[in-house]
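Engineer: Have a look at this one before I ask anything.
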Amino acid sequence: MSSRWYPIYQRGNPQLRVFLPNLWMKLVKPTAVFGKATVPENKVQFIVSREMSKIDIKNYLEKVYNVPVAHVKTVNKLGKTKQNAFADYIVKDEDFKVAFVTLPQGHKFEWPELKIGDSDKKLTEGSEEDVDNAKKQFAKDVKAEDVKFRPGVPSFFGL
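Here it is, written out as structure tokens:
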């Protein structure tokens, strides 16, 4: 189940051939039509490769990520169609498959915290004074320089 091209078999040792399947999974937050989506803590939603079956999804999560899986439900969704703004034809996005994975009771999924809030504040705390000092110094340097007469040069090229 792979679309990759591999080198032709040749006699001899070692065989430098690696077979990798085209299987991938993307973790997504569930969307709601009105307001916030409420999903139980033991349910997870993925967009997966269209070639993956329910058994493939279950084995992938259990073997690769050591996540216990109780049930898997898959839905094939059509890609969105939209009118091209500049021409007279319709553009269609690729179709995709959504997998709804249920974890066993007692297991819950928590979204990881991806914001860099605390470390970002620590980095910018001392730099505000430095930025102000640099701006003041730049303003002094610009005023101190002699303004050169350059006829025909627009003002957006600087002094």
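Per our numbering, residue 148 is the first one in the sequence shown, and the count goes up by one each step. Ideal placement from N, C-alpha and C gives every residue a C-beta, glycine not left out.
Provide the residue span of the alpha helix (DSSP H) that contains K210, from first to last.
Structural biologist: Position 63 of the sequence shown, counted from the start, is the residue given in the question as residue 210. Start and end: 201 to 211.
Engineer: Less than 9 Å separating the beta-carbons of A246 and F304?
Structural biologist: For the purposes of this step, residue 246 is taken as residue 99 along the sequence shown, with counting starting at 1. For the purposes of this step, residue 304 is taken as residue 157 along the sequence shown, with counting starting at 1. No; because the gap between Cβ atoms is not below 9 Å, this pair is not in contact.
Engineer: What's the C-alpha gap between L170 and V195?
Structural biologist: As a first step, residue 170 must be located in the sequence shown, where it is residue number 23. As a first step, residue 195 must be located in the sequence shown, where it is residue number 48. The straight-line gap from Cα to Cα measures roughly 8 Å.
Engineer: Buried or exposed, going by whether 16 or more other CB atoms sit within 10 Å of the CB of I204?
Structural biologist: Residue numbering aside, residue 204 sits at position 57 when the sequence shown is read from its first letter. With 16 or more other Cβ atoms within 10 Å, it is buried.
Engineer: Determine whether the beta carbon atoms of T228 and S200 lie at a separation below 9 Å.
Structural biologist: Translated into positions along the sequence shown, residue 228 becomes position 81. Translated into positions along the sequence shown, residue 200 becomes position 53. The answer is no: Cβ separation not under 9 Å.
Engineer: Within 10 Å of its beta-carbon, does L250 have 16 or more other beta-carbons around it, so buried, or fewer, so exposed?
Structural biologist: For the purposes of this step, residue 250 is identified with residue 103 of the sequence shown, where counting begins at 1. Classification for L250: buried.
Engineer: Which of helix, strand or coil does DSSP assign to F304?
Structural biologist: Numbered from 1 along the sequence shown, position 157 holds the residue referred to as residue 304. Helix.
Engineer: With burial defined as no fewer than 16 other Cβ atoms inside 10 Å of the residue's Cβ, what is the status of Y207: buried or exposed?
Structural biologist: For the purposes of this step, residue 207 is taken as residue 60 along the sequence shown, with counting starting at 1. Under this definition Y207 is a buried residue.
Engineer: Using DSSP with H/G/I as helix, E/B as strand and the rest coil, what is Q284?
Structural biologist: Position 137 of the sequence shown, counted from the start, is the residue given in the question as residue 284. Reduced to three states, the DSSP call for Q284 is helix.
Engineer: In angstroms with no decimal places, state the Cα-to-Cα distance between L270 and D288.
Structural biologist: Sequence index remark: in the sequence shown, residue 270 carries index 123 (1-based). Sequence index remark: in the sequence shown, residue 288 carries index 141 (1-based). Rounded to whole angstroms, L270 to D288 spans 28 Å at the Cα level.
Engineer: With the cut-off set at 9 Å, would you say V219 and V248 are in Cβ contact?
Structural biologist: Numbered from 1 along the sequence shown, position 72 holds the residue referred to as residue 219. Numbered from 1 along the sequence shown, position 101 holds the residue referred to as residue 248. Their beta carbons are under 9 Å apart, which means V219 touches V248 by this criterion.
Engineer: Excluding the 5 residues flanking E241 on each side, which residues of the same chain have their C-beta closer than 8 Å to its C-beta?
Structural biologist: Walking along the sequence shown from the start, residue 241 turns up at place 94. Counting only Cβ-Cβ distances below 8 Å, and skipping sequence neighbours, we find G226.
Engineer: Tell whether a beta-carbon distance below 9 Å holds between K268 and K244.
Structural biologist: Here residue 268 is taken as the residue at index 121 of the sequence shown, counted from 1. Here residue 244 is taken as the residue at index 97 of the sequence shown, counted from 1. Going by C-beta atoms, K268 is not nearer than 9 Å to K244.
Engineer: Which two residues bound the contiguous beta strand (DSSP E) that contains T185?
Structural biologist: Taking the sequence shown and counting its residues from 1, one reaches residue 185 at position 38. Where T185 is concerned, there is no enclosing beta strand (DSSP E), given that its DSSP letter is neither H nor E.
Engineer: Going along the chain, which residues of its own chain have a beta-carbon closer than 8 Å to the beta-carbon of G273, five neighbours each way excluded?
Structural biologist: Locating residue 273 in the sequence shown gives position 126, where the first residue counts as 1. Here the set comprises nothing.
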